[in-house]
Amino acid sequence: MGIGITTQSNVFVGIKPELGQGAYGAYTAGIGEEEDKRSAQSPLEQCDYLLVPLTNARYRDSMKAQFEAYRESGASELRLEAPQLQELGVLPSSGGNGGSRSNSNGSTSGGNGGIGAATPQYIGLVSSFLELDSSEVDVRELSLQVLQHELEYANFVGIRQVIVAPPKRLNTLHYYAQSLARVFDQFGERCPTVSISLPLFEDSDPLSTWELWNTIRKMCRYAGKLSVSLALPRQRTPGYVLERWLSEPVTCLLISASVFTTNQYNYPVLNRFNQHLITAFQRINGNASQFGELAILLHGMEKYVDKLCVGPSQYLEYINYLLKKGDKLIAMENSDANLDSNSKSNPIANGNGNGNGNGNANASHAFFSMEPRVMPPLLPHCEDLSNAVYQTFERDAVKYEQYERAIAMAVSDILMENSSRWRGSNEIVILVAGAGRGPLVDKTFKVLDTLRVTNFRLLAIEKNPHALLYLQKRNFEHWDNRVEITMCDIREWDDHVKVDLCISELLGSFGCNELSPECLAPIEQFHSKPSTRFIPQSYSSYAAPVSSPILYQSLSQRGPQYLEQPSVIHHIPYCQTSSRINEIWNFTHSHEERLSHFNKTSVSHFRVKHKSEIHGIVGYFIATLYADITLSTVPDGSILKTLQDQENSTIENSRNHNGSSSTPTKGNHTENMRSWSPIFFPLKEPLFLNDDTEVELFMSRNNNKDKVWYEWSASCFVYLVSSSDAHNNSVEREKHNHTLKDNGTDLETQKLTNAFARFGHQHDSSNGESKFFEDSVNHTDFMSNRGNEWESVKDLHELQNRQIPSILDKERVERKKSFVEEYHVRVRTSVSQLHNPNGSTYAIPL
Numbered sequence: 012m013g014i015g016i017t018t019q020s021n022v023f024v025g026i027k028p029e030l031g032q033g034a035y036g037a038y039t040a041g042i043g044e045e046e047d048k049r050s051a052q053s054p055l056e057q058c059d060y061l062l063v064p065l066t067n068a069r070y071r072d073s074m075k076a077q078f079e080a081y082r083e084s085g086a087s088e089l090r091l092e093a094p095q096l097q098e099l100g101v102l103p104s105s106g107g108n109g110g111s112r113s114n115s116n117g118s119t120s121g122g123n124g125g126i127g128a129a130t131p132q133y134i135g136l137v138s139s140f141l142e143l144d145s146s147e148v149d150v151r152e153l154s155l156q157v158l159q160h161e162l163e164y165a166n167f168v169g170i171r172q173v174i175v176a177p178p179k180r181l182n183t184l185h186y187y188a189q190s191l192a193r194v195f196d197q198f199g200e201r202c203p204t205v206s207i208s209l210p211l212f213e214d215s216d217p218l219s220t221w222e223l224w225n226t227i228r229k230m231c232r233y234a235g236k237l238s239v240s241l242a243l244p245r246q247r248t249p250g251y252v253l254e255r256w257l258s259e260p261v262t263c264l265l266i267s268a269s270v271f272t273t274n275q276y277n278y279p280v281l282n283r284f285n286q287h288l289i290t291a292f293q294r295i296n297g298n299a300s301q302f303g304e305l306a307i308l309l310h311g312m313e314k315y316v317d318k319l320c321v322g323p324s325q326y327l328e329y330i331n332y333l334l335k336k337g338d339k340l341i342a343m344e345n346s347d348a349n350l351d352s353n354s355k356s357n358p359i360a361n362g363n364g365n366g367n368g369n370g371n372a373n374a375s376h377a378f379f380s381m382e383p384r385v386m387p388p389l390l391p392h393c394e395d396l397s398n399a400v401y402q403t404f405e406r407d408a409v410k411y412e413q414y415e416r417a418i419a420m421a422v423s424d425i426l427m428e429n430s431s432r433w434r435g436s437n438e439i440v441i442l443v444a445g446a447g448r449g450p451l452v453d454k455t456f457k458v459l460d461t462l463r464v465t466n467f468r469l470l471a472i473e474k475n476p477h478a479l480l481y482l483q484k485r486n487f488e489h490w491d492n493r494v495e496i497t498m499c500d501i502r503e504w505d506d507h508v509k510v511d512l513c514i515s516e517l518l519g520s521f522g523c524n525e526l527s528p529e530c531l532a533p534i535e536q537f538h539s540k541p542s543t544r545f546i547p548q549s550y551s552s553y554a555a556p557v558s559s560p561i562l563y564q565s566l567s568q569r570g571p572q573y574l575e576q577p578s579v580i581h582h583i584p585y586c587q588t589s590s591r592i593n594e595i596w597n598f599t600h601s602h603e604e605r606l607s608h609f610n611k612t613s614v615s616h617f618r619v620k621h622k623s624e625i626h627g628i629v630g631y632f633i634a635t636l637y638a639d640i641t642l643s644t645v646p647d648g649s650i651l652k653t654l655q656d657q658e659n660s661t662i663e664n665s666r667n668h669n670g671s672s673s674t675p676t677k678g679n680h681t682e683n684m685r686s687w688s689p690i691f692f693p694l695k696e697p698l699f700l701n702d703d704t705e706v707e708l709f710m711s712r713n714n715n716k717d718k719v720w721y722e723w724s725a726s727c728f729v730y731l732v733s734s735s736d737a738h739n740n741s742v743e744r745e746k747h748n749h750t751l752k753d754n755g756t757d758l759e760t761q762k763l764t765n766a767f768a769r770f771g772h773q774h775d776s777s778n779g780e781s782k783f784f785e786d787s788v789n790h791t792d793f794m795s796n797r798g799n800e801w802e803s804v805k806d807l808h809e810l811q812n813r814q815i816p817s818i819l820d821k822e823r824v825e826r827k828k829s830f831v832e833e834y835h836v837r838v839r840t841s842v843s844q845l846h847n848p849n850g851s852t853y854a855i856p857l
């Protein structure tokens, strides 16, 4: 953001300067030299980036002349010259004005480093006359060579990102993608980021531009240097469209002056929905420092100077105002989360020991930071955790408050149901299995003290010898040596004691993936009685298909093995493509239901309403600690489909997305609990889904006495309508009286509304500037009434006289209502491979 604006997010502001009066030459021929000639309020002082053409009209004319000469000469090979000095739109300078912002300590990165920079950096605009998708070989070769020359020059002057116009012909889209793929292969890591400009959505088919982008991206093999720049719309963006784009590598938001409206002060402002849209991207990109940065680029402002009597400075001030307000909201959220996990509520977290900085220590710290991370799941049953890991997880006050409530309720029930027994000499026996550094022991002591229970036996088992030392210290200093501490693996505990209450915290991101079932099975079998209670009592694993191209790209770059093993994902953007999250399996702990089978298999079905591409399966868990006290990692506002719901569902219910006849189960994340992030099971090859597709997920949990591993695969199905006369073969089918209508769900919009509720308009009384940026009274009074969703992109590349065909140049068949009896044939359209068979890539040792 501009000078004087303090920002914490990874978002910057730029403008496309007005063409004329040698503007590009003035802006580029040593900006530092020209700066003194401008006023202190110059737009250059308020922006971080200038969007400028890499070459000018002279270069275009030169290329045209060289191309005509080539055709007339009949030469066998076209060779175009690199641009000369007078043909450049960005002139070389001694200081260099590349595309990376420099922060206060001199490192180049995203974040707020560009604030206060002496001069803006550049984003290059690739020549708009290129036709990379031309059906003529010579024209494609001309376009490719020009693109190569411009990228070479951009790389030389340090421009890190260029914006290229979208394809003009859908039927030759493969040529466009082929040209980009060749460039990425030729330049490798030297290549600047190439960003394709597209409308955020088309009103007639909201996901059509995403589908265009996805096709190019796939044909370019998820190139790390390929991104997308989105033009803000005039209409409200559907929630499912915004969620889709939030998980994509969006590097620029393009805002044409024509999408602004005016408020009562005749100031240019954005409609509320576009304000929310910017804040949503600010939240994602503000935390995604490992995945680049976001630039908000303004253009076309000079066209409305006469109408508003304001210049580019007012537009920039307004965008900076929005970003500053968003930063405050994000900072408040982060501050609240950190406050909730403050270690004051947990005395153990205030221990003196310092971590040794090993790998799992770094992983654990990620759970309490906003930095995006992809981490392997922890293996505490076979690897000794560091002091830093324990200290970090003990900061989760919410989790231990829930445990304390559960322990209090369980102990109260034990005392009440056996009141006559506890009056005698018998003592209540409580086991903390996997005690770590003792947070659950602390909570148990607190409960016993509150309930005035003095006749008890408290056991703590821990296999980590270093954590054992901490337990011994706590036992001496705080527990009056009342805790019987044993160092051993829970599964190897050799004692004849029968416990009344077993407490553990062995849950992983998927519930069972840190081997809680295997670890507690011996306790159930050898150390429990009919009245023994367990905390947690049970836990269920939940899953849903998701789209996350950024995550898929990151895992692919690490190596193929990472696409066949689960990962814990922390603050990585992803889009849930199904409207429901399904329960996959569950485990229950009790004396009556001993865990004799650790293997689980699940076949689960999801309806995906909108076209998408799934890159994997995201996993959560819900644990019942005791009675109605739970821990949940499913997202807020989730609609859950339990195993019972799935068992009761018919094929008709699954396709119509009504589920069972019962009221849908709603789930929420345990508020401010931060110990777990979702787990991700990737697909080696993403699956593309059309509208109204059913995804069938197969998952299995396997135990062969030596190791535990997960296997997974996904299949896609569509339902085709067939008449009864033609339907005589033995296929999987469904027969019903069916009205063809849109049975969609507004879950995505609901989730979006909930997210935006935190960004409601607030008056900033500390700054008088805010009144000029209030919302417009008339939300339809746009600067310009011309054009459709493509106008902003065409204006950016100065393509007003060219016709970019609609992405919707395809036949649309209007679905008509029908009340006839129909057969619906379930047809498999795609299937993934079975991932991680026999634990060949990833397994948890026993």
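If you use the numbering used here, the sequence shown closes out at 857, no skipped numbers anywhere. Cβ atoms here follow ideal geometry from the backbone N, Cα and C, with glycine treated the same way.
Taking the beta strand (DSSP E) that residue i falls in, what are its first and last residues?
i           : result
residue 7   : Residue 7 lies beyond the stretch modelled for the chain, which goes from 12 to 857, so this question has no answer here.
residue 513 : 512 to 515
residue 700 : 690 to 700
residue 801 : Premise fails: residue 801 is in no beta strand (DSSP E) and is neither H nor E.
Which of the three DSSP states, helix, strand or coil, is assigned to residue i?
i           : result
residue 730 : strand
residue 133 : strand
residue 684 : coil
residue 278 : coil
residue 89  : coil
residue 611 : strand
residue 540 : coil
residue 710 : strand
residue 250 : helix
residue 587 : strand
residue 224 : helix
residue 489 : coil
At what residues does the alpha helix (DSSP H) containing residue i begin and finish?
i           : result
residue 160 : 148 to 168
residue 312 : Per DSSP, residue 312 belongs to no alpha helix (DSSP H) and is neither H nor E.
residue 420 : 408 to 428
residue 265 : Per DSSP, residue 265 belongs to no alpha helix (DSSP H); it is in the beta strand (DSSP E), 261 to 267.
Given this structure, state the Cα-to-Cα distance separating residue i from residue j, to the nearest angstrom.
i           : j           : result
residue 270 : residue 243 : 8 angstroms
residue 525 : residue 392 : 7 angstroms
residue 551 : residue 616 : 17 angstroms
residue 467 : residue 438 : 5 angstroms
residue 419 : residue 459 : 8 angstroms
residue 113 : residue 698 : Note that residue 113 scores a pLDDT of 37, beneath 50, so its modelled location is shaky; the value from the coordinates is reported in the next line. Going from the Cα of residue 113 to the Cα of residue 698 covers about 39 angstroms.
residue 69  : residue 241 : 29 angstroms
residue 534 : residue 548 : 13 angstroms
residue 530 : residue 341 : 40 angstroms
residue 136 : residue 197 : 20 angstroms
residue 199 : residue 450 : 50 angstroms
residue 554 : residue 388 : 16 angstroms
residue 207 : residue 175 : 5 angstroms
residue 495 : residue 579 : 35 angstroms
residue 851 : residue 710 : 16 angstroms
residue 600 : residue 608 : 12 angstroms
For residue i, write down the residues that DSSP places opposite it in a beta bridge.
i           : result
residue 78  : BP columns for residue 78 are empty, so no partner.
residue 101 : DSSP lists no partner for residue 101.
Given residue i, which residues of its chain have a CB within under 8 angstroms of its CB, disregarding the five upstream and five downstream residues?
i           : result
residue 839 : 726, 727 and 728
residue 96  : 102
For residue i, I'd like the list of residues in its chain whose CB is within less than 6 angstroms of its CB, leaving aside the five on either flank, ordered along the chain.
i           : result
residue 143 : 154, 187 and 190
residue 563 : 626
residue 841 : 698 and 727
residue 517 : 445, 525, 527 and 530
residue 409 : 683 and 684
Please list, in chain order, all residues of the same chain as residue i whose beta carbon is under 7 angstroms from its beta carbon, the five residues on each side excluded.
i           : result
residue 317 : none
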